[in-house]
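Asker:
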Amino acid sequence: MSAAYTHLAQFYDALMDEDYDGWAEYLLSLAVRQGLQPRRILELGCGTGSITAALAERGLEVLGVDISPAMISHAREKAARYGYPVEFAVQDIRELNLPGQRWEIAVAACDTLNYLVTAEDFRRAAAAVCRHLEEGGLFLFDLNSEIKLREVYGSNSYADLQEDFAYFWDNHFDDQEQVCTMDLTFFISGPGGTYRRVRERHVQKLWLPNQVESFLAEAGFEMLGCYGFLTTDPPTKDAQRWQFAARKALR
Numbered sequence: 028m029s030a031a032y033t034h035l036a037q038f039y040d041a042l043m044d045e046d047y048d049g050w051a052e053y054l055l056s057l058a059v060r061q062g063l064q065p066r067r068i069l070e071l072g073c074g075t076g077s078i079t080a081a082l083a084e085r086g087l088e089v090l091g092v093d094i095s096p097a098m099i100s101h102a103r104e105k106a107a108r109y110g111y112p113v114e115f116a117v118q119d120i121r122e123l124n125l126p127g128q129r130w131e132i133a134v135a136a137c138d139t140l141n142y143l144v145t146a147e148d149f150r151r152a153a154a155a156v157c158r159h160l161e162e163g164g165l166f167l168f169d170l171n172s173e174i175k176l177r178e179v180y181g182s183n184s185y186a187d188l189q190e191d192f193a194y195f196w197d198n199h200f201d202d203q204e205q206v207c208t209m210d211l212t213f214f215i216s217g218p219g220g221t222y223r224r225v226r227e228r229h230v231q232k233l234w235l236p237n238q239v240e241s242f243l244a245e246a247g248f249e250m251l252g253c254y255g256f257l258t259t260d261p262p263t264k265d266a267q268r269w270q271f272a273a274r275k276a277l278r
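In this note's numbering, the protein residues as written are 28 to 278.
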């Protein structure tokens, strides 16, 4: 079975129905709320570069980073097609290494940090992000919530038929490990009515806000808030996505 986003990369934009412009505006509003008017943003887990593009359209200098070469390839194609002046790099955020560069803001959207499945993974990623921020810089990220991983994904199965592919999505939530394993099977149409089957696995960890706050503090951050997605209000009990804001502590 292939690693996450090996095959999904080519279908990702077709499957995602998100208002990326609104998402980018929301992230920038969180920065303004903290008194920042950013010019440079580091985007972690940038995927196919949709939020990256929305930020670049607003005049920001953006570097997009993702662990998946396939996702970065699509992001580069998108940026070239629309003429966005964006740079991209294939890196693991746990080992982020961008020598001599510091950013005002780092963002990690679309549940990127749920893919950090051990406490050590989260600690390493948070520390790496902190090293790449200016003093007082912001770290804005979201996580799939408990209800999203435990109930919406849970141990449920989904399927859909698109014009040139079909997919099956089987989930299993492990209560003991607090981990949701998602097995995706794609049937990709080919010549003569044939289909090619490919499979990949995604694993996401449920991190609770108190755990996140502890990891951030260890890395040198002050947590500013945990919000319901697209709001600055505390998350409701049925919120499917939690938005976090943290500031690199001044020394």
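Each residue gets a CB set at the ideal place from its N, CA and C atoms; glycine is no exception.
No experiment lies behind these values; they were computed from the predicted model shown.
#1: Is the beta carbon of residue 87 closer than 8 Å to that of residue 99?
#2: Excluding the five sequence neighbours on either side, which residues of its own chain have a C-beta within less than 8 Å of the C-beta of residue 263, listed in chain order?
#3: Which word fits residue 65, buried or exposed, when buried means at least 16 other C-beta atoms lie within 10 angstroms of its C-beta?
#4: Output the distance between the C-alpha atoms of residue 52 and residue 168, rounded to the nearest integer angstrom.
#5: Taking C-beta to C-beta, are residue 102 and residue 74 nearer than 8 Å?
#6: Look up residue 207 in the DSSP assignment and give the residues it is bridged to.
#7: Pick from 219, 192, 122 and 265: whose alpha carbon is nearest that of residue 211?
#8: Looking at residue 277 and residue 114, is the spacing between their C-beta atoms short of 8 Å?
#9: Alpha carbon to alpha carbon, what distance is there between residue 108 and residue 59?
#10: Determine the DSSP secondary structure at residue 31, reduced to helix, strand or coil.
#11: Starting from the C-beta of residue 272, find all residues in its chain whose C-beta is less than 6 Å away, skip the five residues before and the five after it, and write them out in chain order.
#12: Less than 8 Å separating the beta-carbons of residue 292 and residue 83?
#13: What does DSSP give as the partner residue(s) for residue 171 in the beta ladder?
#14: Residue 59 lies in the alpha helix (DSSP H); which residues open and close that run?
Answerer: On the basis of the data shown:
#1: no
#2: 255
#3: buried
#4: 14 Å
#5: yes
#6: 200 and 231
#7: 192
#8: no
#9: 30 Å
#10: coil
#11: 57, 167, 251 and 252
#12: There is simply no residue 292 to check, as the chain begins at 28 and stops at 278 in what is shown.
#13: 268
#14: 47-60
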